[in-house]
Amino acid sequence: MSIYLDAVLHPKLDEYDFMQEGWRLEHEKIDDPTSPIVIKGVVFNEMKGVFSNSHQVYARQVQNNLMPTSTYQYESGGDPEKIPILTWNALREFHTTHYHPSNGRFFTYGSFPLSDTLAFLNDYLHHYEQQKTKAISSKLIEESHWNKSRSVNITCSPQSFVVDPNKTTTVSVSYLLGSIRNTWETFLLNIVCSLLVESENSPFYKKLIIPNIGNSYSPDTGFGRHTLNTTFHVGLQDISKNDVDRVVKIIDETFQEVARKGFEQSQIDALLHQFELGIKHQDENFGLKIILGLIYSWIHDTDPIDSLQITKYLEKFNDEMTKNPRLLQDIVEKYFLKNNHKLIATMNIDEEYSEKKKQKESQLCQQLISQCKDKQLIYEKGLELQKRQSAPQNVDVLPTLSITDIDKKAIRVPIIQGQIGNTYVQLCEQPTNGITYFRCLLNTFELPNELKSYLPLFINILTK
């Protein structure tokens, strides 16, 4: 645990670490001071890769434009054109201001005694004082809702593989919804948005995908709950430019139809069943997945325990549906038909996209070089960084497992052999939260060879 605490609260933040991980000016050939000076850095290069991916460009631009006055107007991973603005001193100052226990959330999961964990945290953190005037509040303010819809045009680089060169446009409609601080409202919106797009029987799948207007949903289609205000996006990619207005019209008409007719009860029941299974099913990294599901609301001061009580909200949902069978239709009407905070985003290919990015990077590099008073220092720091990167790291400071830490006694799971009718079965009792996991093996020996290639398709259809 001390490793994680040290990494967050006491990182070295060495200047050369910043140069390596963030950005730096360096000669293209480090040991050749006559070679061109370029911008390098792990994060800088990673984000250049991100911004070369059309799906990433689209999803990020949509979020930036849907919430243009809040912190979400900025690129969380760093815009390559803006990363070189960050200085080493600014990074350290930001860390000193914000990376403090007063501004943190601590979570643990597992079979370790909680008292020992809390005692360790108390001992580690006891010398910190509550930040007051020094801390800059990181509490976000909700985006002001628009009084009319907006639109944005996005460009991207040509893709390496295109199914139809006449269908390269992406369009979507996005909505800013309710505050994630309202757990009940978020629960209802999650249900509605899931019913709208997440199955082959969903309204938008039938209206957008089946007619083959485009190849698939637009990036980020679905319910978004990683921001202070939840969001919903739906659209199509790989469509013709001429079909943009058609798709937007279909989306509007689909919302209107759902508000009139509602959802099929079988779809609602199936979704609620999946929710119930999701509560009980414990797969790998169960604890980590729980906290990742909670953190987006917890950082906005919601009660994480309340967010975990899914059964309570399922029961409340059933009660509210009994009182008002139009509950979900009312949600559709309120958050989609009567919601003016609506963004229509369109993305088209720009054949010169990559070249324009290269030119901007070159101009930025020249600007940074012109601001450098001692260009010899660029060469010297490049050599020093290379020397540090080549030096062996002291891995002895990291905790390690020894052979004595491993239990010699293997865990054995008892298996009960049985028979149901003429079929042999194996039963294995495990703490599964009441879920029965069933696996059946069928002998296909007598199946003709010409039919065996159809088995994967058959199984896929059978289990839908």
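Under my numbering, the residues of the sequence shown are numbered 3 to 466, in order.
Glycine residues also receive a C-beta, built at the ideal position from the N, C-alpha and C atoms.
Beta strand (DSSP E) containing residue i: first to last residue?
{"i": "Y426", "result": "T425 to L429"}
{"i": "G469", "result": "With the chain running from 3 to 466 in the structure shown, residue 469 is simply not present."}
{"i": "G420", "result": "I418 to I422"}
{"i": "T348", "result": "K344 to I351"}
{"i": "I39", "result": "I39 to K42"}
{"i": "E322", "result": "Per DSSP, E322 belongs to no beta strand (DSSP E); it is in the alpha helix (DSSP H), I312 to K325."}
{"i": "L27", "result": "R26 to H29"}
Under a Cβ-count criterion, where at least 16 other Cβ atoms within 10 Å of its own Cβ denotes burial, should residue i be classed as buried or exposed?
{"i": "F114", "result": "exposed"}
{"i": "P86", "result": "buried"}
{"i": "T135", "result": "Because T135 sits at a pLDDT of 44, beneath the cut-off of 50, its placement in the model cannot be relied upon, and the following sentence gives the value as read from the coordinates. Exposed, by the Cβ-count rule."}
{"i": "I463", "result": "exposed"}
{"i": "H235", "result": "buried"}
{"i": "P167", "result": "exposed"}
{"i": "T446", "result": "exposed"}
{"i": "N47", "result": "exposed"}
{"i": "I312", "result": "exposed"}
{"i": "G216", "result": "buried"}
{"i": "K454", "result": "exposed"}
{"i": "P401", "result": "exposed"}
{"i": "F460", "result": "exposed"}
{"i": "S309", "result": "buried"}
{"i": "S56", "result": "buried"}
{"i": "L429", "result": "exposed"}
{"i": "L15", "result": "exposed"}
{"i": "Q65", "result": "buried"}
{"i": "F288", "result": "exposed"}
{"i": "P327", "result": "exposed"}
{"i": "G80", "result": "buried"}
{"i": "V440", "result": "Per the sequence shown, residue 440 should be read as Phe rather than Val. The residue is exposed, with fewer than 16 neighbouring Cβ atoms inside 10 Å."}
{"i": "I252", "result": "buried"}
{"i": "S268", "result": "exposed"}
{"i": "Q391", "result": "exposed"}
{"i": "N214", "result": "exposed"}
{"i": "V10", "result": "exposed"}
{"i": "I39", "result": "buried"}
{"i": "L238", "result": "buried"}
{"i": "E28", "result": "buried"}
Pop quiz: residue i and residue j are said to be a contact at Cβ under 8 Å. What is the actual Cβ separation, rounded to whole angstroms?
{"i": "I437", "j": "L279", "result": "7 Å"}
{"i": "Q421", "j": "V415", "result": "Going by Cβ atoms, the distance from Q421 to V415 rounds to 20 Å, so no, they are not a contact pair."}
{"i": "S72", "j": "E145", "result": "5 Å"}
{"i": "G51", "j": "R26", "result": "G51 to R26, Cβ: 18 Å. No contact."}
{"i": "V250", "j": "Y219", "result": "No, V250 and Y219 are not in contact; Cβ-Cβ is about 15 Å, not under 8 Å."}
{"i": "M49", "j": "T172", "result": "Actually they are not in contact, since the Cβ atoms of M49 and T172 sit about 21 Å apart, beyond 8 Å."}
{"i": "V59", "j": "A347", "result": "Their Cβ separation, rounded to whole angstroms, is 11 Å, which puts V59 and A347 out of contact at 8 Å."}
{"i": "G384", "j": "I32", "result": "5 Å"}
{"i": "H302", "j": "I182", "result": "6 Å"}
{"i": "K150", "j": "N342", "result": "5 Å"}
{"i": "L387", "j": "M21", "result": "6 Å"}
{"i": "T256", "j": "S176", "result": "Going by Cβ atoms, the distance from T256 to S176 rounds to 15 Å, so no, they are not a contact pair."}
{"i": "L345", "j": "R152", "result": "5 Å"}
{"i": "N231", "j": "L179", "result": "6 Å"}
{"i": "Y111", "j": "I292", "result": "7 Å"}
Could you pull the start and end residues of the alpha helix (DSSP H) that residue i belongs to?
{"i": "I485", "result": "There is simply no residue 485 to check, as the chain begins at 3 and stops at 466 in what is shown."}
{"i": "K362", "result": "Y355 to Q373"}
{"i": "L339", "result": "No alpha helix (DSSP H) contains L339, which DSSP labels as neither H nor E."}
{"i": "R62", "result": "S56 to L68"}
{"i": "R390", "result": "K377 to S392"}
{"i": "K454", "result": "N451 to K454"}
{"i": "E23", "result": "E17 to E23"}
{"i": "L198", "result": "T185 to V199"}
{"i": "A412", "result": "Neither: A412 is in no alpha helix (DSSP H) and is coded neither H nor E."}
{"i": "F460", "result": "L457 to L464"}
{"i": "Q331", "result": "L329 to V334"}
{"i": "Y6", "result": "S4 to L11"}
- Message: Count Cβ pairs between the segment 183–201 and the segment 220–227 that sit closer than 8 Å; are there 3 or more?
- Response: They touch, by the three-pair rule.
- Secondary structure, beta strand (DSSP E): runs of 3+ residues fully inside the segment 111–182: List check, beta strand (DSSP E) in window: 152–158 and 171–181.
- Message: Is it the case that the segment 392–404 contacts the segment 235–244, given that we only count it when at least three CB pairs across the two stretches are under 8 Å?
- Response: Proximity of the segment 235–244 to the segment 392–404 falls short of the contact definition, fewer than three beta-carbon pairs being nearer than 8 Å.
- Message: Pairs of beta-carbons, one from the segment 102–111 and one from the segment 293–303, closer than 8 Å: are there three or more?
- Response: Yes: the two stretches touch, three or more of their Cβ pairs being nearer than 8 Å.
- Item | Any 3 or more C-beta pairs closer than 8 Å across the segment 152–166 and the segment 86–95 | The segment 152–166, when compared against the segment 86–95, does not touch it at the 8 Å Cβ threshold.
- Message: When you compare the segment 207–223 with the segment 185–192, are there three or more beta-carbon pairs, one atom per stretch, that lie closer than 8 Å?
- Response: Cβ pair count under 8 Å is below three, so no.
- Secondary structure, beta strand (DSSP E): runs of 3+ residues fully inside the segment 214–283: Within the segment 214–283, the complete beta strand (DSSP E) runs of at least 3 residues are 224–226 and 231–241.
- Query: Quick one: any contact between the segment 279–288 and the segment 372–391, if contact means 3 or more CB pairs under 8 Å?
  - Reply: No: the two stretches stay apart, fewer than three of their Cβ pairs being nearer than 8 Å.
- Query: Taking three-plus beta-carbon pairs below 8 Å as touching, is the segment 333–344 in contact with the segment 259–267?
  - Reply: Segments in contact, yes.
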